[in-house]
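Asks:
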Amino acid sequence: MKANATQLGIILLLLAICFAALPTHFGSAGTNTSTEIKPPTYENTNPIIAASVPQSTTNPTYKIVAYYPSWAPYQNFPVRKIAAASVTHINYAFANIQEGKVVMGDPWTDKSNFQQLRTLKQANPKLKTLISVGGWTWSGRFSNVAISKYSRDRFADSAVKFIRDNGFDGVDIDWEYPVTGGLASNKTRPEDKRNFTFLLQAIRNKLDAAQVKDDRTYLLTIAAGAFTGYVNNTEIAKVSSIVNWINLMTYDYHGDWDKKSNHHAPLYADPKDPTSAKSNINHTVTTILKAGAPSKKLVLGIPLYGRSWTNCGSTQQGLYQSCGGGTKGVIAKGIHEYGNLEKQGWINSQGFARYWNAAAKVPWLYKKSTGTFITYEDKESIAHKAGYIKSKGLGGAMLWEISQDYNRTLLNKLIYSLK
Numbered sequence: 001m002k003a004n005a006t007q008l009g010i011i012l013l014l015l016a017i018c019f020a021a022l023p024t025h026f027g028s029a030g031t032n033t034s035t036e037i038k039p040p041t042y043e044n045t046n047p048i049i050a051a052s053v054p055q056s057t058t059n060p061t062y063k064i065v066a067y068y069p070s071w072a073p074y075q076n077f078p079v080r081k082i083a084a085a086s087v088t089h090i091n092y093a094f095a096n097i098q099e100g101k102v103v104m105g106d107p108w109t110d111k112s113n114f115q116q117l118r119t120l121k122q123a124n125p126k127l128k129t130l131i132s133v134g135g136w137t138w139s140g141r142f143s144n145v146a147i148s149k150y151s152r153d154r155f156a157d158s159a160v161k162f163i164r165d166n167g168f169d170g171v172d173i174d175w176e177y178p179v180t181g182g183l184a185s186n187k188t189r190p191e192d193k194r195n196f197t198f199l200l201q202a203i204r205n206k207l208d209a210a211q212v213k214d215d216r217t218y219l220l221t222i223a224a225g226a227f228t229g230y231v232n233n234t235e236i237a238k239v240s241s242i243v244n245w246i247n248l249m250t251y252d253y254h255g256d257w258d259k260k261s262n263h264h265a266p267l268y269a270d271p272k273d274p275t276s277a278k279s280n281i282n283h284t285v286t287t288i289l290k291a292g293a294p295s296k297k298l299v300l301g302i303p304l305y306g307r308s309w310t311n312c313g314s315t316q317q318g319l320y321q322s323c324g325g326g327t328k329g330v331i332a333k334g335i336h337e338y339g340n341l342e343k344q345g346w347i348n349s350q351g352f353a354r355y356w357n358a359a360a361k362v363p364w365l366y367k368k369s370t371g372t373f374i375t376y377e378d379k380e381s382i383a384h385k386a387g388y389i390k391s392k393g394l395g396g397a398m399l400w401e402i403s404q405d406y407n408r409t410l411l412n413k414l415i416y417s418l419k
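Using UniProt numbering, read the sequence shown as starting at 1 and increasing by one per residue.
Set out below in structure tokens:
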């Protein structure tokens, strides 16, 4: 019993570390907008067993990249429940960096998850998997890894070994962030801007050599911040020429760190928004395109969760109003996964009314009796984002993260809208 208790303590510690590693970004003002996301405790009542449905339902014209977090199995969403026939790529989050090398982030579950991903690919031969390295919590060592040719090659060699050993088709680098930003404990340098490019080129070179030896293709992608500072601190044009594509973290523009309610993934600027006109998807995409990224190499990030405030004033149905902190969520304070919004019956019921911002092309929920405001995605906003992907000639959509839409409501709408 003593040994079991020790193991449980280690698992809980790993969970706490993993949930802090979620992709996020800083607001346009450069302040920390991250919120630690803890695991949900709901019972998944509508499992999706995709391994038995190998026929692809995706449109091959567009990528649908789904992040799958290592902690999902702890919350009743094992790998086998991924809708593998409906996505083109799965990014497994996250691997850590230790002593300059890529290592498993959670050995307790990673080994089993990796084997299940192999099984999933056997049933879905076109499916590709990538290991995502870093994330919010584990980006602190990237600057040191990128600092010299020796350290870059050491890291790149370990990345190649990791994907070979564990059956992945590529590497996704989620450095949050070069030069400035991220956790206060992160090591950052002005040289990160050029060194990030050098690091990616080192990885690409090693992957190219492995491709020849292994007679197969290996992918290299990055997760990119949505704020203007990220573009200024990254050699976007050079990076774009090295990687296969860029996953844009176009969400978390606003959250309960703000004193006023707002949308966390608005497609366009709203003239009535009292905050920055830069905090929207269209501005992010336009900025990165101007910096030299080809449109087809941009994969648009779509959140499968909402953010909330409480005690918001009733003017404009709670939108852009002074509020208290975030409401209690299943994942964490201020966080509401879409599947749980469905399960709780909060979408246009239970005292919540659903409203639509015609300018920003996103919905929100407002409960007047408590002043609760929830910004989220629904089928209408997903359709607009899919239309935007097509109109801008982007490479596809990225979903953070797949277990949060466990009824596949938003995923199915995305697939339909991209046809």
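C-beta atoms are modelled at their ideal positions from N, C-alpha and C, and glycine is treated no differently.
1. Per DSSP, R354 forms a beta bridge with which residues?
2. Assign G318 to one of three DSSP states: helix, strand, or coil.
3. Exposed or buried, which one is K385 when buried takes at least 16 other CB atoms within 10 Å?
4. Smallest Cα separation from F114: which of Y150, G351, N91?
5. Please state whether the Cβ-Cβ distance between S308 and K259 is less than 8 angstroms.
6. Taking 8 angstroms as the limit between beta carbons, can you name the residues of its chain near Q116, skipping five residues before and five after?
7. Return the Cβ separation of G345 and D256 in integer angstroms, given the expectation that the two are a contact with Cβ distance under 8 angstroms.
8. Going along the chain, which residues of its own chain have a beta-carbon closer than 8 angstroms to the beta-carbon of A360, five neighbours each way excluded?
9. Who are the near neighbours of A21 in its chain, counting only those whose CB is closer than 6 angstroms to its CB and skipping five residues on each side?
10. Could you tell me which uninterrupted beta strand (DSSP E) segments, each at least 3 residues in length, are contained entirely in the segment 231–302, listed from first to last along the chain?
11. Taking the beta strand (DSSP E) that R307 belongs to, which residues open and close that run?
12. Quick one: what does DSSP say K419 is sitting in, helix, strand or coil?
13. For S403, name the three-state secondary structure that DSSP assigns.
14. So, for N144: in the same chain, excluding its five sequence neighbours on each side, which residues have a beta-carbon less than 8 angstroms away from its beta-carbon?
15. Can you find the residues in the same chain that come closer than 6 angstroms, C-beta to C-beta, to A84, ignoring five residues on each side of it along the sequence?
16. For the beta strand (DSSP E) that S98 lies in, which residues bound it at each end?
17. Do the CB positions of T221 and D157 come within less than 8 angstroms of each other?
18. Which parts of the segment 191–227 are runs of the alpha helix (DSSP H), unbroken and 4 residues or longer, counting only runs that do not cross its ends?
19. If you draw a straight line from the alpha carbon of W364 to that of T217, how long is it in whole angstroms?
20. Just to confirm the assignment, what range does the alpha helix (DSSP H) spanning N160 have?
21. Can you give me the start and stop residues for the alpha helix (DSSP H) that A383 sits inside?
22. Rounded to the nearest angstrom, what separates K63 and L414 at their Cα positions?
23. Does S143 come out as helix, strand or coil in the three-state DSSP assignment?
24. Compute the distance between the beta-carbons of G306 and T250, then report whether it is under 8 angstroms.
25. When DSSP labels each residue in this structure, what does Y74 get in the three-state scheme?
26. Comparing the C-beta of A293 with each C-beta of chain B, is any distance below 8 angstroms?
27. Can you tell me the Cα-Cα spacing of S132 and N232, whole angstroms?
28. What residue does the alpha helix (DSSP H) around A123 start on, and which one ends it?
29. List the residues that DSSP assigns as beta-bridge partners of G396.
Replies: In brief:
1. For this step, residue 354 is matched to residue 354 along the sequence shown. Under DSSP, R354 takes part in a beta bridge, and its partners are L365.
2. The count along the sequence shown starts at 1 and reaches residue 318 at position 318. Helix.
3. Here residue 385 is taken as the residue at index 385 of the sequence shown, counted from 1. Per the 10 Å Cβ criterion, buried.
4. As a first step, residue 114 is located in the sequence shown; it is residue number 114 there, counting from the start. For the residues Y150, G351, N91, the minimum Cα distance to F114 belongs to N91.
5. What you label residue 308 is simply residue 308 of the sequence shown in a count that begins at 1. What you label residue 259 is simply residue 259 of the sequence shown in a count that begins at 1. Not in contact: S308 and K259 (Cβ atoms no closer than 8 angstroms).
6. As a working mapping, residue 116 is identified with position 116 in the sequence shown. If we look at Q116 and ignore the five residues flanking it on each side, its Cβ neighbours are P78, V79, R80.
7. As a working note, residue 345 is residue 345 in the sequence shown. As a working note, residue 256 is residue 256 in the sequence shown. No, G345 and D256 are not in contact; Cβ-Cβ is about 23 angstroms, not under 8 angstroms.
8. Your numbering for residue 360 matches position 360 in the sequence shown. For A360, where only same-chain residues beyond five positions count, the Cβ hits under 8 angstroms are H263, P266, L267, Y268, A269, D270, D273, N280.
9. Against the sequence shown, residue 21 aligns to sequence position 21. Unreliable placement is indicated for A21, whose pLDDT of 42 sits below 50; no coordinate value is reported for it.
10. Here the runs fully enclosed are 245–248.
11. In the sequence shown, the residue the question calls residue 307 occupies position 307. R307 -> beta strand (DSSP E) spans 305–309.
12. In the sequence shown, the residue the question calls residue 419 occupies position 419. Here K419 sits in coil by DSSP.
13. Taking the first residue of the sequence shown as 1, we reach residue 403 at position 403. Helix at S403.
14. For the purposes of this step, residue 144 is taken as the residue at position 144 of the sequence shown. For N144, where only same-chain residues beyond five positions count, the Cβ hits under 8 angstroms are G100, S151, K187.
15. For this step, residue 84 is matched to residue 84 along the sequence shown. Excluding residues within five positions, the ones whose Cβ falls inside 6 angstroms are A50, L120, N124, L127.
16. Position 98 of the sequence shown, counting from 1, holds the residue named residue 98. Reading the sequence as shown, one finds Gln at residue 98 and not Ser. In the DSSP annotation of this structure, the continuous segment of the beta strand (DSSP E) that includes Q98 starts and ends at 89–98.
17. In the sequence shown, residue 221 corresponds to position 221, counting from 1. In the sequence shown, residue 157 corresponds to position 157, counting from 1. Going by C-beta atoms, T221 is not nearer than 8 angstroms to D157.
18. Listed in chain order, they are 192–214.
19. Position 364 of the sequence shown, counted from the first residue, corresponds to residue 364. Position 217 of the sequence shown, counted from the first residue, corresponds to residue 217. Taking C-alpha positions only, W364 is separated from T217 by approximately 42 angstroms.
20. As a position in the sequence shown, residue 160 is number 160, starting the count at 1. The amino acid occupying residue 160 in the given sequence is Val; Asn does not appear at that position. In the DSSP assignment, V160 falls within the unbroken alpha helix (DSSP H) covering 149–166.
21. Residue numbering aside, residue 383 sits at position 383 when the sequence shown is read from its first letter. It spans 379–392 - the alpha helix (DSSP H) in which A383 sits, taken as one unbroken run.
22. Along the sequence shown, read from residue 1 onward, the residue named residue 63 stands at position 63. Along the sequence shown, read from residue 1 onward, the residue named residue 414 stands at position 414. Taking the CA atoms as reference points, K63 sits about 11 angstroms from L414.
23. Reading the sequence shown from its first residue, position 143 is the one you call residue 143. If DSSP states are grouped into helix, strand and coil, S143 belongs with the helices.
24. Residue mapping note: residue 306 aligns to position 306 of the sequence shown, counting from 1. Residue mapping note: residue 250 aligns to position 250 of the sequence shown, counting from 1. Contact flag unset, no.
25. Position 74 of the sequence shown, counting from 1, holds the residue named residue 74. Helix, per DSSP.
26. Here chain B cannot be found, since the structure has a single protein chain.
27. The residue labelled residue 132 in the question sits at position 132 within the sequence shown. The residue labelled residue 232 in the question sits at position 232 within the sequence shown. Their backbone Cα atoms lie some 23 angstroms apart in a straight line.
28. Position 123 of the sequence shown, counting from 1, holds the residue named residue 123. In the DSSP assignment, A123 falls within the alpha helix (DSSP H) that extends over 107–123.
29. Taking the sequence shown and counting its residues from 1, the one referred to as residue 396 is at position 396. Partner(s): K63, V299.
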